[in-house]
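Colleague: Quick one: structure below, then a few questions.
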Amino acid sequence: AWVHGDPRKVIYPTDSYGQFCGQKDTLNANKTILFYFNILKCASPVVLINLQCPTTQLCVSKCPDRFATYIDVQASYRYKPDQWNYFRQFCKPGFNNPRKSVAQVLRDEDCPSMIIPSRPFLKRCFPDFSTKNGVLTVANQTTFKDGRGKTRNVTDLREAANGINNVLDARSVGMKIFEDYAISWYWILIGLFIAMIVSLLFLVLLRFTAGVLFWIFIFGVIGIIGYGIWHCYWEYDHLKGIPGSDLTVYDIGFQTDFRVYLQLRQTWLAFMIMLCVVEVVIILMLIFLRNRIRIAIALLKEGSRAIGYIMSTLFYPIVTFILIAICISYWAVTAVFLATSGEPVYKVMANQILCKYANLTCDPETFNTTNVTKLCPGAQCTFAFYGGESLYHKYIFIFQLANAFVFLWLVNFAIALGQCTLAGAFASYYWASRKPADIPLWPLFSSFGRAIRYHTGSLAFGALILAIVQLIRVILEYLDHKLKGTQNSFTRFLLCCLKCCFWCLEKFLKFINRNAYIMIAIYGKNFCTSAKEAFFLLMRNVVRVAVLDKVTDFLLFLGKILVAGGVGVLAFFFFTQRIPVFAQEAPTLNYYWVPLLTVIIGSYLVAHGFFSVYAMCVDTLFLCFCEDLERNDGSTAKPYFMSASLHRILGKKELSPKKA
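Numbering (my numbering), first residue to last: 5 to 664.
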């Protein structure tokens, strides 16, 4: 890709001769804008941007700023030479023959039949559309001459105008958004810093509040469901004796107005039964799983304590972010070089609809010696797009898939490296006999060194398996996009099933890989052995896994919402100047929601970065806890390594080893 690619094809527009507009050290060095001879042939801005508009395209130094037609300019060139000199800058280079007949000029496309006021956008000349009193105009005019003897209305350009105006409006909005960022960027950084502090405090306080938060939520849910049961009973009893309330759902059939069903006693009875079932299930789960819930909460508290001793782990996501940014940059640059590695492809552009050579490939150097110009007068060999017929160009799509596969592999490896590093650091905390005295010096740095030196192959192998599944999912999404218009129901059903299966497989592999990396960090065994041991260890503790997973997910989700919501509310009051103390400091913005959304999304991502470390810590401690229970029995020869709180929950009165 880097040998054949040319990013200039993306940076610079290309004229009908395959030359770049604005490229230094060329004839077009000062001609940076692309001009279209007949904008009416271009259906939409998408066609223009893709360089597929069926009209001559020319590099110019500036867009036209007035209405003019070739017929009028030719008729007056003797006594108004300035008009001709202005108009011919939009003709083909070197053309300076105003005596040539209009029919021949338009046939050979030496000059455009008309020029209209335009302005540059995306380095291309677009008509200068505007609205005046709700009427579409160009330079305050509603009509124009098309250079072929007709006066046309500006509404003839409506199909292109609508899209172009939307693009230009988006550009205006984009400029205002950029201005808002320029004014408020340091306040956004302050908001993200506050989010970081709040996230850190939340993790530290989980050591003391994890159990309280969880039980408040559980009893709150029980109370809300209990109120729902009472309300359903009240509605059921209130409807007693009302005519029509004793009808069944079957009697009234399907109704589009669902409020009809709320007038039936049967509806409220069904709601009450369902809520009672849910209430009973939750209460029974709490009764039978109370000990496992206590273990889960104790592990959460232990995770908070472990992070307190190894604070450097909270900033490791920055390393993962940098590695992923490098992977994305490598993939993007290679993809651009691949996409621009084609050769210029020229096609026959003919004014006659019935020309059989239209849209066929041609060679501009030998085109004038062929019979095409005789059979199709006015036909030209013009640049169409970048491509090629060689073996290399035929397989560019395959190369793009390979590049995507490398990208997925590298990203998964960077994530795996982070998980293994964090797991090694937290495992060194758990297996320390005396905490924190026996925790090794620089546990995070030591774990990173071990992962790089000893476990690179295992991490790469796990990332490879996941990347293969993800690539298959990408291909399935591509096929689904291509076949979206097909009427074959079986094909769509099969694709839907495959997408669902591979989504489930990816989720399962991520779960297995994550726990395999933890076992790799603990024992240093290869990927397959670690994955097998982790899987069977989790299966032997499947109920504990489910409880811990849900309790952890709830508390971390609560933390993310708390951080993002709290900082978002503070940012809203600040940017809307509703805090009297900081009213003078708040910047004046075009759209206050621009920095507000940035702060909210950024705060959520900051919290996610911190909490992902916490989740990895809890998962690591849980596997270590399960392994500790199976390897040790609390005797003098095999003492437990778990903390005193976990030891007490398991029914031990003290952490001292059991007597034989």
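Yeah, the Cβ is synthetic: ideal placement off N, Cα and C, and Gly gets one too. Computed from a predicted model, the values in this text were never measured in an experiment.
How long is the line joining the alpha carbons of residue 512 and residue 234, rounded to whole angstroms?
Modeller: 41 Å
Colleague: May I have the straight-line CA-CA distance separating residue 19 from residue 27, to the nearest angstrom?
Modeller: Whole-angstrom Cα-Cα distance: 12 Å.
Colleague: Does the distance from the C-beta atom of residue 318 to that of residue 418 stay below 7 Å?
Modeller: no
Colleague: Express the C-alpha separation of residue 367 and residue 30 in angstroms, rounding to a whole number.
Modeller: Going from the Cα of residue 30 to the Cα of residue 367 covers about 22 Å.
Colleague: Tell me, please, which residues DSSP counts as bridged to residue 582.
Modeller: DSSP lists no partner for residue 582.
Colleague: What does residue 157 pair with, by DSSP beta-bridge criteria?
Modeller: Within the DSSP secondary-structure output, residue 157 pairs in a beta bridge with 147.
Colleague: Look up residue 23 in the DSSP assignment and say whether it is helix, strand or coil.
Modeller: coil
Colleague: Does the Cβ-Cβ distance between residue 531 and residue 466 come in under 7 Å?
Modeller: In contact: residue 531 and residue 466 (Cβ atoms closer than 7 Å).
Colleague: Give me the Cα-Cα distance between residue 636 and residue 312, rounded to the nearest whole angstrom.
Modeller: 27 Å
Colleague: So, helix, strand or coil for residue 661, using DSSP?
Modeller: Caution applies to residue 661, whose pLDDT of 43 falls short of 50 and renders its modelled position unreliable; the value that the coordinates give is listed next. It is coil, neither helix nor strand.
Colleague: Do the region 191-211 and the region 610-623 meet, that is, are 3 or more Cβ pairs less than 8 Å apart?
Modeller: yes
Colleague: Residue 649 to residue 310, Cα distance in whole Å?
Modeller: 14 Å
Colleague: Classify residue 447: buried if its beta carbon has 16 or more other beta carbons within 10 angstroms, exposed otherwise.
Modeller: Counting other Cβ atoms within 10 Å of its Cβ, residue 447 reaches 16 or more and is therefore classed as buried.
Colleague: Compare the beta carbon distance of residue 519 and residue 180 with 7 Å and say whether it is the shorter of the two.
Modeller: no
Colleague: In angstroms, rounded to a whole number, what distance separates the CA positions of residue 345 and residue 365?
Modeller: 18 Å
Colleague: Would residue 601 be called buried (16 or more neighbouring beta carbons within 10 Å of its own) or exposed?
Modeller: exposed
Colleague: Looking at residue 380: is its Cβ nearer than 7 Å to the Cβ of residue 350?
Modeller: no
Colleague: Compute the beta-carbon to beta-carbon distance between residue 407 and residue 338, rounded to the nearest angstrom, for a pair I have assumed lies under 8 Å.
Modeller: 5 Å
Colleague: Is residue 41 near residue 116, with beta carbons less than 7 Å apart?
Modeller: yes
Colleague: What are the boundary residues of the alpha helix (DSSP H) that includes residue 361?
Modeller: Counting along the chain, residue 361 falls outside any alpha helix (DSSP H), and DSSP gives it neither H nor E.
Colleague: Name the DSSP bridge partner or partners of residue 671?
Modeller: There is simply no residue 671 to check, as the chain begins at 5 and stops at 664 in what is shown.
Colleague: Below 8 Å on the Cβ atoms is my guess for residue 647 versus residue 306; work out the distance and round it to an integer in Å.
Modeller: 6 Å
Colleague: So what's residue 125 in DSSP terms, helix, strand or just coil?
Modeller: strand
Colleague: What three-state label does DSSP hand residue 37 in the structure shown?
Modeller: Here residue 37 sits in strand by DSSP.
Colleague: Starting from residue 334, follow the alpha helix (DSSP H) in both directions and report where the run begins and ends.
Modeller: In the DSSP annotation of this structure, the continuous segment of the alpha helix (DSSP H) that includes residue 334 starts and ends at 320-343.
Colleague: Do residue 114 and residue 127 have their C-beta atoms within less than 7 Å of each other?
Modeller: no
Colleague: Hey, quick one: how far does the alpha helix (DSSP H) through residue 473 stretch, first residue to last?
Modeller: Counting along the chain, the unbroken alpha helix (DSSP H) around residue 473 starts and ends at 460-486.
Colleague: Express the C-alpha separation of residue 468 and residue 362 in angstroms, rounding to a whole number.
Modeller: C-alpha separation (whole angstroms): 48 Å.
Colleague: So, under 8 Å CB-CB, residue 427 and residue 521 are touching, yes? Tell me the CB distance rounded to an integer number of Å.
Modeller: 6 Å
Colleague: From this set, 436, 444, 459, 445, which residue's C-alpha is nearest residue 423's C-alpha?
Modeller: 459
Colleague: By the 10 Å Cβ neighbour count, where 16 or more other Cβ atoms means buried, how is residue 584 classified, buried or exposed?
Modeller: exposed
Colleague: Give the DSSP-derived three-state secondary structure of residue 74 in the structure shown.
Modeller: helix
Colleague: In its own chain, which residues sit with a C-beta less than 6 Å from the C-beta of residue 9, not counting the 5 before and 5 after it?
Modeller: Cβ neighbours of residue 9 beyond the five flanking positions: 341, 344, 345.
Colleague: Tell me the residue span of the beta strand (DSSP E) that contains residue 353.
Modeller: 347-353
Colleague: Thinking just about the alpha-carbon of each residue, which of 324, 492, 543, 131 is nearest to the one in residue 69?
Modeller: 131
Colleague: By alpha-carbon positions, which one of 475, 470, 383 ends up nearest to residue 402?
Modeller: 475
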